[in-house]
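See structure below.
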Amino acid sequence: MRLRGSALVMTLYLLFLLIPIYWLVNMSFKTNTEITSTFTLFPHEFTLRNYAVILTDPSWYMGYVNSIIYVVMNTVISITVALPAAYAFSRYSFMGDKHLFFWLLTNRMAPPAVFALPFFQLYSSVGLFDTHIAVALAHCLFNVPLAVWILEGFMRGVPKEIDETAYIDGYSFGHFFIKIFMPLIASGIGVAAFFCFMFSWVELLLSRTLTSVNAKPIAATMTRTVSASGMDWGVLAAAGVLTIIPGALVIYFVRNYIAKGFALGRV
Amino acid sequence: MEKTQNNKAWFLVLPVLVIVAFSAVIPLMTVVNYSLNDTFGNNEFFWAGMEWFEEMVTSDRLHEALGRQILFSAIILAIEVPLGIYIALNMPKKGFWASVSLVLMALPLLIPFNVVGTIWQIFGRVDIGLLGHYLAEFGIDYNYTNDPLDAWITVIVMDVWHWTSLVALLCYAGLQSIPQAYYQAARVDQASRWAVFRYIELPKMAGVLLIAVLLRFMDSFMIYTEPFVVTGGGPGNSTTFLSIDLVKMAIGQFDLGPAAAFSIMYFLVILLVSWVFYTVMTNLDKEEGK
Chain V
-10 MRLRGSALVM TLYLLFLLIP IYWLVNMSFK TNTEITSTFT LFPHEFTLRN
40 YAVILTDPSW YMGYVNSIIY VVMNTVISIT VALPAAYAFS RYSFMGDKHL
90 FFWLLTNRMA PPAVFALPFF QLYSSVGLFD THIAVALAHC LFNVPLAVWI
140 LEGFMRGVPK EIDETAYIDG YSFGHFFIKI FMPLIASGIG VAAFFCFMFS
190 WVELLLSRTL TSVNAKPIAA TMTRTVSASG MDWGVLAAAG VLTIIPGALV
240 IYFVRNYIAK GFALGRV
Chain Y
27 MEKTQNNKAW FLVLPVLVIV AFSAVIPLMT VVNYSLNDTF GNNEFFWAGM
77 EWFEEMVTSD RLHEALGRQI LFSAIILAIE VPLGIYIALN MPKKGFWASV
127 SLVLMALPLL IPFNVVGTIW QIFGRVDIGL LGHYLAEFGI DYNYTNDPLD
177 AWITVIVMDV WHWTSLVALL CYAGLQSIPQ AYYQAARVDQ ASRWAVFRYI
227 ELPKMAGVLL IAVLLRFMDS FMIYTEPFVV TGGGPGNSTT FLSIDLVKMA
277 IGQFDLGPAA AFSIMYFLVI LLVSWVFYTV MTNLDKEEGK
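Going down the list, the sequences are from chains V and Y.
Numbering follows this note's numbering, with no gaps: position 183 of the first sequence is 172.
Numbering follows this note's numbering, with no gaps: position 163 of the second sequence is 189.
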């Protein structure tokens, strides 16, 4: 009896999550006339035109390429610098470590709106404006602290005896870290990378402020269409659907780690 | 775990320090600089002292935005936390359906913020949206672009849609870590469903739940893109939250001084609340360790 109740709750909740998404997908396969003139629950004049518009126009599809480039760059940078730092926090106590850890976390709490303008000026003055690396570095603001936090949680779970045994066996620090330690926390690295990917992928305010043409992310390309005259609803919906796909793929690959990662890595 | 005292660990932290300093400290200093100066362009600055801070502290505009922000965050937490716990308790524990629910629930979390806004903007429109259309069909007068209350409801439902899964997934992870023996003991004692929740599940979830509340508080307090796309802060100023107001001021009107003073106070409020949460959380960790 209880089981059936749970199933009902879950079904209702999942429907609540999926119906708005379904509506977007539905619209992306309709023609603009069908969207604006009639109300249909599924596309009657099925069309792929909206997707064709996006996939044949460089100013559209380059948005996806740009987004993916800076998201990947950001994930790589964040994880690379966070690994040694998380190790230090999990294994050693050193002068000011607790303050430093909290200070790092505060950056995760800083509203991007506060940083938008200074970032714009900073990156313009060093000539990085409208490059992928600028966005990748800007996103480090919240992703590096997050990655350190998650990785530290995972590393604390690895017994210290492993480190000591490795040193006795004559491993150098670098050798030990890459050959022995990293494989042990592989799932932690995966979870951290997932979160870095996620927060960099969904962020708009900073990435829009820091780019104009060459590195313009897809999310920003979409905002331009919204404000354009003669609203092209179909293309807008198709662009939205295409931004959901990379996220959905990533989730599919890490699905078994998600719950575990949330618990151990304390987000 | 016993930690070794070793100040050389600073070298391992150094890369993080450099990169975060570059992307956080320098911009923050710029903001502090603006907040204390007045400018008429051309990079000429005049010392203004605490003027902007005084102006902002007494500004009605800021007070209203802050009031709306607090109300919004409070409503969000009041809905999402209980709902998230409830969903987590009802999630399938293992097997095929568990993975399906996990994947589907994580889906809204990975949609870019402005696409979330776009989805709800379309979904709620009376002419082309499913929700707006059916509400109109049932004779409910719903229009989020004209009516402040409808705008609020839309923004809140959107946020619940977007983020409840995060709370649920965190609680689910907490629940997974409870050994079966606890439930068996409860059954032997013939504990009620409520007692099981109150004395077994809730204490075990406390840690992750606190993280969930902290994250939801921070993020709802910084919310910008989603309401901006759906309502643009309107109708009037009814959904202008702190970030929206700040961006209007800094980039729209280029009032750098007041905007910077605003930013600093905004940041301090978040910092204060988060510090309280963080202290509670680390204390909780220590107690568990004993």
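Each residue gets a CB set at the ideal place from its N, CA and C atoms; glycine is no exception.
- Not flagged as an interface residue toward chain V: leucine 228 of chain Y, since no C-beta distance is shorter than 9 Å.
- In this model, glycine 177 of chain V and methionine 291 of chain Y are separated by some 36 Å (Cα to Cα).
- One thing to note: glutamate 106 of chain Y has its Cβ within 9 Å of the Cβ of arginine 242 of chain Y.
- Under the 9 Å criterion on CB atoms, alanine 285 of chain Y is classed as interfacial with respect to chain V.
- With fewer than 16 neighbouring CB atoms inside 10 Å of its own CB, histidine 89 of chain Y falls in the exposed class.
- According to the DSSP secondary-structure assignment, tyrosine 81 of chain V is paired through a beta bridge with Y:Thr30.
- Taking leucine 72 of chain V as reference, the option from V:Ile139, V:Ala155 and V:Leu238 with the minimal CA-CA separation is V:Ile139.
- The alpha-carbon separation between serine 82 of chain V and threonine 95 of chain V amounts to approximately 20 Å.
- In the DSSP annotation of this structure, leucine 133 of chain Y is not part of any alpha helix (DSSP H), being labelled neither H nor E.
- Under the three-state reduction of DSSP output, asparagine 263 of chain Y falls in the coil class, being neither helix nor strand.
- Restricted to the segment 117 to 168 of chain Y, the alpha helix (DSSP H) segments that are unbroken, complete and at least 4 residues in length are 122 to 132, 139 to 150 and 156 to 163, listed in chain order.
- With a beta-carbon spacing of about 15 Å, alanine 182 of chain V and glutamate 141 of chain V fall beyond the 8 Å limit used to define contacts.
- For glutamate 80 of chain Y, the number of other beta carbons within 10 angstroms of its own is below 16, and it is reported as exposed.
- For asparagine 15 of chain V, the three-state secondary structure derived from DSSP is helix.
- As the crow flies, the alpha-carbon of threonine 251 of chain Y is around 15 Å from that of valine 183 of chain Y.
- Contact with chain V is found for proline 118 of chain Y, since one of that chain's Cβ atoms lies less than 9 Å from the residue's Cβ.
- Under the DSSP assignment, methionine 275 of chain Y falls outside any alpha helix (DSSP H); it carries neither an H nor an E label.
- Here isoleucine 174 of chain V carries a coil assignment [DSSP, helix/strand/coil].
- For glycine 150 of chain Y, the CB contacts under 7 Å within the same chain, skipping 5 residues up- and downstream, are Leu157, Gly158, Tyr170 and Thr180 in chain order.
- Following the DSSP letters along the chain, one finds glutamate 227 of chain Y in no alpha helix (DSSP H), marked with neither H nor E.
- Between phenylalanine 104 of chain V and the set V:Asp86, V:Phe131, V:Gly85 and V:Val65, the nearest pair of CA atoms involves V:Phe131.
- Lysine 168 of chain V is a Cβ neighbour of tyrosine 160 of chain V, given a cutoff of 9 Å.
- In the three-state DSSP reduction, alanine 211 of chain Y falls in the helix class (H, G or I).
- Taking 7 Å as the upper bound on Cβ-Cβ separation, chain V lies near residues Met248, Tyr250, Thr251 and Ser269 of the segment 245 to 271 of chain Y.
- Nearest CB-CB separation between tryptophan 49 of chain V and chain Y: not below the 9 Å threshold.
- Secondary structure at glycine 159 of chain V: coil, using DSSP grouped into helix, strand and coil.
- When Y:Ser289, Y:Leu310 and Y:Thr308 are compared, the shortest CA-CA separation from methionine 98 of chain V is found for Y:Ser289.
- Scanning chain Y for C-beta atoms nearer than 7 Å to the C-beta of alanine 77 of chain V yields Ala35, Leu38 and Val39, reported in chain order.
- Exclusion of the five residues before and after aspartate 119 of chain V leaves Thr200, Ser201, Asn203 and Ala204 as the residues of its chain whose Cβ lies within less than 6 Å of its Cβ.
- At a beta-carbon threshold of 7 Å, the residues of chain Y lying near proline 107 of chain V are Pro53, Thr56 and Val57, ordered along the chain.
- By the C-beta density criterion, proline 284 of chain Y is buried, having at least 16 other C-beta atoms within 10 angstroms.
- For proline 134 of chain V, the uninterrupted alpha helix (DSSP H) run begins and ends at 121 to 145, by DSSP.
- When only Cα atoms are considered, proline 235 of chain V and phenylalanine 242 of chain V end up about 11 Å apart.
- With three or more CB-CB distances shorter than 8 Å, the segment 88 to 104 of chain Y counts as touching the segment 257 to 268 of chain Y.
- Look at valine 115 of chain V here: in three-state DSSP terms it is coil, with no helix or strand label.
- Taking the beta carbon of arginine 244 of chain V as reference, the chain Y residues within 7 Å of it are Ser125, Leu128 and Val129, listed in sequence order.
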